[in-house]
Amino acid sequence: MDRQVIDAMQRWPDVPAACGWLSLDARGAWRLHEHGDANTGTPGERIAHDGLRAFIARNYSHDDHGRWFFQNGPQRVFVSLEAAPYLLRWNDTQSALENHLGMPAGNIFAWWLSSDGRLYAQTALGPAALDDRELESTARRLMLPNGASLLQYWLTHYPELADDAASVLLLPDVQLDGQLPGAPLMGIGEQRLPAELGFQRHPSI
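Under my numbering, the sequence shown is numbered contiguously, ending at residue 269.
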């Protein structure tokens, strides 16, 4: 977090928090909602200014209730999440996964397949969703112990999950590019996923 932001928080500790004005979409783009309606699912306007995006990224964090926020000087602005707090994609050399802020994902402790077909991960950085444009390539690189790819496995064993389905173990061990340690692949209903991974999609004050 920027030093000037920390100083502002200390100088004005009682500034009310805000929500509904900022969201993060499922491909890692920050979006501004000029009517404060982010929690209603409206798309908002994509923030294109590089400096503002970098400022948000440096001052993006979460509280103990799983609410993610942008600390805008002394004011905490809670972020509505279309998918998850972080979005994963392959880096420029296609050698490792990184989040939408450009930080290496690090160890992945579990993979989650939701009922709407999105792939999530519990990473060393926190809960993340895979950018949907990376799904096929990642499923090819996630390997089962028998040498088959997750994509090959899904061709004949793709699970059917209800939106309110509780978590269930689908595969005990999948390995990214065949490297150890592997991680389990869990299945879960989309409605239950945020609570299971410990974040709030639509935070309130």
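Cβ atoms here follow ideal geometry from the backbone N, Cα and C, with glycine treated the same way.
Since we're looking at a predicted model, the values are computed, not measured.
Note down the Cα distance separating residue i from residue j, rounded to an integer number of angstroms.
i, j, result
"Ala-192", "Tyr-184", "6 Å"
"Asp-78", "Gln-139", "9 Å"
"Ala-90", "Asp-196", "8 Å"
"Trp-175", "Met-250", "6 Å"
"Val-69", "Ser-231", "39 Å"
"Trp-76", "Gly-246", "46 Å"
"Phe-263", "Arg-131", "6 Å"
"His-164", "Leu-199", "15 Å"
"Cys-83", "Asp-114", "22 Å"
"Glu-224", "Leu-244", "28 Å"
"Phe-134", "Arg-265", "14 Å"
Secondary structure at residue i, three-state DSSP: helix, strand or coil?
i, result
"Trp-218", "helix"
"Asn-270", "No answer is possible for residue 270: it lies beyond the span of the chain, which begins at 65 and ends at 269."
"Gly-170", "coil"
"Leu-225", "coil"
"Ser-201", "helix"
"Met-65", "coil"
"Gln-264", "coil"
Beta-carbon of residue i versus every beta-carbon of chain C: anything under 9 Å?
i, result
"Gly-166", "In the displayed structure, chain C is absent; only one protein chain is listed."
Starting from residue i, trace the alpha helix (DSSP H) in both directions and tell me its first and last residue.
i, result
"Gly-115", "114–122"
"Pro-107", "Careful: Pro-107 lies outside any alpha helix (DSSP H) and carries neither H nor E."
"Ser-268", "Counting along the chain, Ser-268 falls outside any alpha helix (DSSP H), and DSSP gives it neither H nor E."
"Pro-258", "257–261"
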